[in-house]
Amino acid sequence: MNIKRKIFLSAKAYLFLAPFLIFFILVIAYPVVLGVYLSFFGQRGARMWYVGGENYLSVLTDPNFWSGFDIPIFLLLVQVPLMLFISIFIALLYEQIKHSQVYRLIFYLPYAIPGIIAGIVWSYIFSKSMSPFIPLLSFFGIHNVNFLNLSTLIWILLIIILWEWTGYTALIIYSTLLSIPREYAEAAKIDGANNMQIAFYIKIPLLMNTVLILFIFNAIGALQVFNEPWMLGALVTLPPNYTPAMYIYNEAFYYGDFTYAIAMGLVLAGVIFSISFFFLRTASKQLQIHE
Amino acid sequence: MKKLVIFAVLVALVGVFVVFADSTTYPAYPAYTGPAATITMWAWTSNENYSIDAFEKVYPNIHVVWSNFGVDYTKILTSTAAGKGLPDVIMSEYTYGPQFAEYGSFQPINKWIPESLYLKFFPQYSLKWTSLDGQIYGTPQDSGAMIMLYRKDIFEKYGLTVPTTWQEFAQDAEKLHSENPNIAFTTIPNNWVIWPVGMVWQAGGRMFDYANGKWYVDFTNPTAMKVFDYWNKLLQEGAVKFDTWWTADWYKEIDNGQLAVIISGAWSPEWISLNSPSTSGKWRVALLPQWDPNNPHNGEMGGSGFYVSSQSKYPEAAALFVLWLNSNPQSLVYLNQKSQLAALVSNVFTTDVAPSLENVEYPYFGGQKIVPVVVEANDQVNTAFVWLPVMDYVQSSMQTEFQKVINGKESLVDSIPNWQNAVVAFMKKQVFNNLVVGQLPK
């Protein structure tokens, strides 16, 4: 009876899990397994030949692959912390001001615009012939400015990604703030703490779990950055290995070397996993110490 | 009895060839012997349907379904690698023909179009674009013979003469630069590999080739370096500059009159009239300046062929279609008038079609009769070579090197050996073991 019930329960559970599991197997698990298999072959168009671990050896020693990490690492170390900092600040402001729902909506809007479309619009904003800044700058006597070139691109990427994700991140932090029991702040207030002290000593420490998760998600996003540089690539010539994801795409869809691209994709996944794991481990240890 | 057999064979052979041709000087098109077939085609030229309709009347057993797929080579590549999804007929620039042949995207059609028949309709040199190792994969459509588009109004305003030699071209560029540095005399694309290769070709040279089962790479041969030296000098003087072509910014420069000359293929009159309607009437078409005016020579930038795919189930039908499409006089008139392809590669175009179009005036070019110009440009092309089977990589490694030139990290002349090294390394990684570096075949 008990066993029957157990079977029934787990069958029911799997039934509810089925929509997820089916798609997970179809679009994640199966491609990964097939990808691992294919990564042991060399390829040129329709030709394939077995090479063993050669692709992985090439990836590990391919300077083009590793130099592509410059951009993601910059984003990881500069854009992600900066965005989290601004988001916390905005979320705390949301709590303080009236009609914050209006600002929440406005700040959230960029996130609702697909990255590719945002990329196109931003590329026009920084274009050398159509930028809305051109009339303004020429009013001040500055002519022929080329905003968009290989060396400025990183800062433009920073602006676009901040614009795209800060409102969304602030909203998540704000909702975490709402879940903090009011009593904490009230008690502190009675003890004579001001808003600043409440924010720094009570609210922000309690946000840290959420911030950590956000950091990891954004770190993953930074390491996989593709859409924004890809779209800006229509206006400025980028090296094929500008980011690891772009290098993988170019190897596969321009040079026809799908199997090498798979090997790089798997190595990139490994790197992302290790970084996430490292942050999760060290950060959660620190959080435990504080608690 | 023996005589009877020979007679029967002769009758059968004659029966295979049905006379459809409008012209008496060209052989008849082969008859279709296979089952009723529907073939599919990917092509980006406009209005291919006129030729298709005419073809289906001649070959009622073959139905052609055309879809305009844009210049989406990634789709060809993925379908080739996946082993399914290719149409029967694929349009590709000549530049990428050998690459797709190497990838295994095409199948040979010699069985239906032997070389002897091919050469009746198409010039010998075009085999460099449509065949590899004697296997014919398709037929050539439009010519990419290089021409010069120039702004008549800018030339008049600054007293420039249409250059006939590269020396005069440089003088014009320097003069315009000193009088109005805001107008670029011309720009070098940093994102179109066909351009520098075409400039070397126009000088009578080449940067790579294929012969007897070997790929040859020699970017720094004397002819190529003569061309790169020339542009290097103009770049350093500021008389010409690099630009990223086909971008919104570039089109804006064209519309704003910030560009006086565009060097491109014979298809560019159509392209510019579609993309810059606001400058209508200001452009003219001219032949390219020459290195040696007594011995004029031209190269090509672009131009496309139609190839039979490796996944086609009706290769005979597809082969007959690509032969007819690109050589039948009626089809060539359609391609010229409806699809706006100025010059077609087929011999039939030169002998039978072009004379009737010589007097067509083009309002976009101020009423200029452009067909004689592009036909002459096409006639000046008398050499060809086989493009490398890794042109996508040749292009992206060029972009990387030219970006260094733009950033002032190296000169154009210095970038060429680095570019070659990158290409050679890539080909070695792609297991092209039949690679000869630093020399070209005769």
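Chains as they are written, first to last, in the numbering used here: chain A, 8 to 298; chain B, 947 to 1388. Don't be surprised by glycine CBs; every beta carbon is placed ideally from N, CA and C.
Neighbour-count burial assignment, residue i, 16 or more Cβ in a 10 Å radius
i, result
"residue 1156(B)", "buried"
"residue 1019(B)", "buried"
"residue 112(A)", "exposed"
"residue 183(A)", "buried"
"residue 1305(B)", "exposed"
"residue 990(B)", "exposed"
"residue 1093(B)", "buried"
"residue 198(A)", "exposed"
"residue 1029(B)", "exposed"
"residue 1246(B)", "buried"
"residue 291(A)", "exposed"
"residue 1327(B)", "buried"
"residue 289(A)", "exposed"
"residue 1079(B)", "exposed"
"residue 210(A)", "buried"
C-alpha distance - residue i paired with residue j, whole-angstrom precision
i, j, result
"residue 104(A)", "residue 1129(B)", "53 Å"
"residue 287(A)", "residue 262(A)", "37 Å"
"residue 1356(B)", "residue 1244(B)", "29 Å"
"residue 174(A)", "residue 115(A)", "5 Å"
"residue 976(B)", "residue 1321(B)", "28 Å"
"residue 1370(B)", "residue 1049(B)", "18 Å"
"residue 1348(B)", "residue 102(A)", "52 Å"
"residue 149(A)", "residue 1103(B)", "27 Å"
"residue 207(A)", "residue 240(A)", "42 Å"
"residue 1194(B)", "residue 247(A)", "21 Å"
"residue 1216(B)", "residue 80(A)", "46 Å"
"residue 1445(B)", "residue 1150(B)", "In the structure as shown, chain B starts at 947 and stops at 1388, and residue 1445(B) therefore has no counterpart that could be examined."
"residue 14(A)", "residue 25(A)", "16 Å"
"residue 2(A)", "residue 171(A)", "Not covered by the structure: residue 2(A). The range shown for chain A is 8 to 298."
"residue 179(A)", "residue 90(A)", "13 Å"
"residue 55(A)", "residue 1319(B)", "47 Å"
"residue 254(A)", "residue 1154(B)", "26 Å"
"residue 1007(B)", "residue 984(B)", "8 Å"
"residue 1162(B)", "residue 228(A)", "43 Å"
"residue 1052(B)", "residue 161(A)", "42 Å"
Interface flag, residue i vs chain B, CB-CB below 7 Å
i, result
"residue 70(A)", "no"
"residue 244(A)", "yes"
"residue 260(A)", "yes"
"residue 42(A)", "no"
"residue 188(A)", "no"
"residue 298(A)", "The predicted position of residue 298(A) is uncertain, since its pLDDT is 49 and thus under 50; a value taken from the coordinates is nonetheless stated next. Taking Cβ atoms only, chain B never reaches closer than 7 Å to residue 298(A), which makes this a no."
"residue 46(A)", "no"
"residue 134(A)", "yes"
"residue 236(A)", "no"
"residue 247(A)", "yes"
Listed by chain order, chain B residues near residue i by CB distance under 8 Å
i, result
"residue 299(A)", "Outside the shown range of chain A (8 to 298) lies residue 299(A), about which nothing can therefore be said."
"residue 17(A)", "Near residue 17(A) there are no residues of chain B at all, since even the closest Cβ is about 38 Å away, more than 8 Å."
"residue 157(A)", "1349 and 1353"
Any non-hydrogen atom of the ligand NAD closer than 6 Å to residue i Cβ
i, result
"residue 1308(B)", "Ligands are entirely absent from the displayed structure, and the ligand NAD is therefore not among its contents."
Minimum Cβ-Cβ distance from residue i to chain A less than 7 Å
i, result
"residue 1380(B)", "no"
"residue 1023(B)", "yes"
"residue 1170(B)", "no"
"residue 1007(B)", "no"
Chain A residues whose Cβ lies nearer than 9 Å to that of residue i
i, result
"residue 1049(B)", "51, 52, 53, 54 and 263"
"residue 1248(B)", "Those within 9 Å of residue 1248(B) in chain A number zero; the least Cβ separation is about 18 Å."
Contacts of residue i in chain B (Cβ-Cβ under 7 Å)
i, result
"residue 145(A)", "Under the 7 Å cutoff, chain B gives no residues; its nearest Cβ is about 13 Å from residue 145(A)."
"residue 241(A)", "1193"
"residue 225(A)", "Those do not exist, as residue 225(A) stays about 29 Å from chain B at its closest Cβ, beyond 7 Å."
"residue 62(A)", "Those do not exist, as residue 62(A) stays about 11 Å from chain B at its closest Cβ, beyond 7 Å."
Within chain B, partners of residue i - CB distance below 9 Å
i, result
"residue 184(A)", "Neighbours of residue 184(A) on chain B: none; closest Cβ ~43 Å, over 9 Å."
Within chain A, the residues that residue i reaches when beta carbons sit closer than 8 Å
i, result
"residue 1029(B)", "53"
message: Counting beta carbon pairs with one atom in the stretch 1104-1120 of chain B and one in the stretch 1228-1238 of chain B, are three or more of them shorter than 8 Å?
response: Yes, since at least three Cβ pairs between the stretch 1228-1238 of chain B and the stretch 1104-1120 of chain B fall closer than 8 Å, the two stretches touch.
message: Does the stretch 184-202 of chain A come into contact with the stretch 251-269 of chain A, if we say contact requires no fewer than three beta-carbon pairs (one atom in each stretch) closer than 8 Å?
response: Short answer: they don't touch.
message: Three Cβ pairs or more, each shorter than 8 Å: is that satisfied between the stretch 75-85 of chain A and the stretch 137-147 of chain A?
response: Using a C-beta cut-off of 8 Å, the stretch 75-85 of chain A makes no contact with the stretch 137-147 of chain A, since fewer than three inter-stretch Cβ pairs fall below that distance.
task: Evaluate contact between the stretch 1127-1142 of chain B and the stretch 1061-1069 of chain B, counting only Cβ atoms and requiring at least three cross-stretch pairs below 8 Å.
output: At 8 Å Cβ cutoff, the stretches do not touch.
query: Three or more C-beta pairs closer than 8 Å, one from the stretch 1359-1369 of chain B and one from the stretch 1340-1347 of chain B: is that the case here?
result: Contact between the stretch 1359-1369 of chain B and the stretch 1340-1347 of chain B is present, because at least three Cβ pairs lie under 8 Å.
message: Between the stretch 1199-1213 of chain B and the stretch 992-1008 of chain B, can you find at least three pairs of beta-carbon atoms closer than 8 Å?
response: With the cut-off at 8 Å, the stretch 992-1008 of chain B and the stretch 1199-1213 of chain B do not touch.
task: Pair every Cβ in the stretch 1255-1265 of chain B with every Cβ in the stretch 1324-1343 of chain B, then say whether three or more of these pairs are closer than 8 Å.
output: Per the Cβ contact rule, the stretch 1255-1265 of chain B is not in contact with the stretch 1324-1343 of chain B (fewer than 3 Cβ pairs under 8 Å).
- request: Report yes or no: do the stretch 1248-1255 of chain B and the stretch 1176-1187 of chain B share at least 3 C-beta pairs separated by less than 8 Å?
  value: Three or more Cβ pairs closer than 8 Å define a contact, and the stretch 1248-1255 of chain B falls short of that threshold against the stretch 1176-1187 of chain B.
message: Does the structure place the stretch 1284-1291 of chain B close enough to the stretch 1083-1093 of chain B that three or more beta carbon pairs sit under 8 Å?
response: Contact between the stretch 1083-1093 of chain B and the stretch 1284-1291 of chain B is present, because at least three Cβ pairs lie under 8 Å.
query: With a cut-off of 8 Å, do at least 3 Cβ pairs link the stretch 60-74 of chain A to the stretch 269-285 of chain A?
result: The stretch 60-74 of chain A makes contact with the stretch 269-285 of chain A; the number of CB pairs closer than 8 Å reaches 3 or more.
message: Under 8 Å: do the stretch 1370-1387 of chain B and the stretch 1329-1339 of chain B share three or more Cβ pairs, one atom per stretch?
response: Under the 8 Å Cβ criterion, the stretch 1370-1387 of chain B counts as touching the stretch 1329-1339 of chain B, having at least three qualifying pairs.
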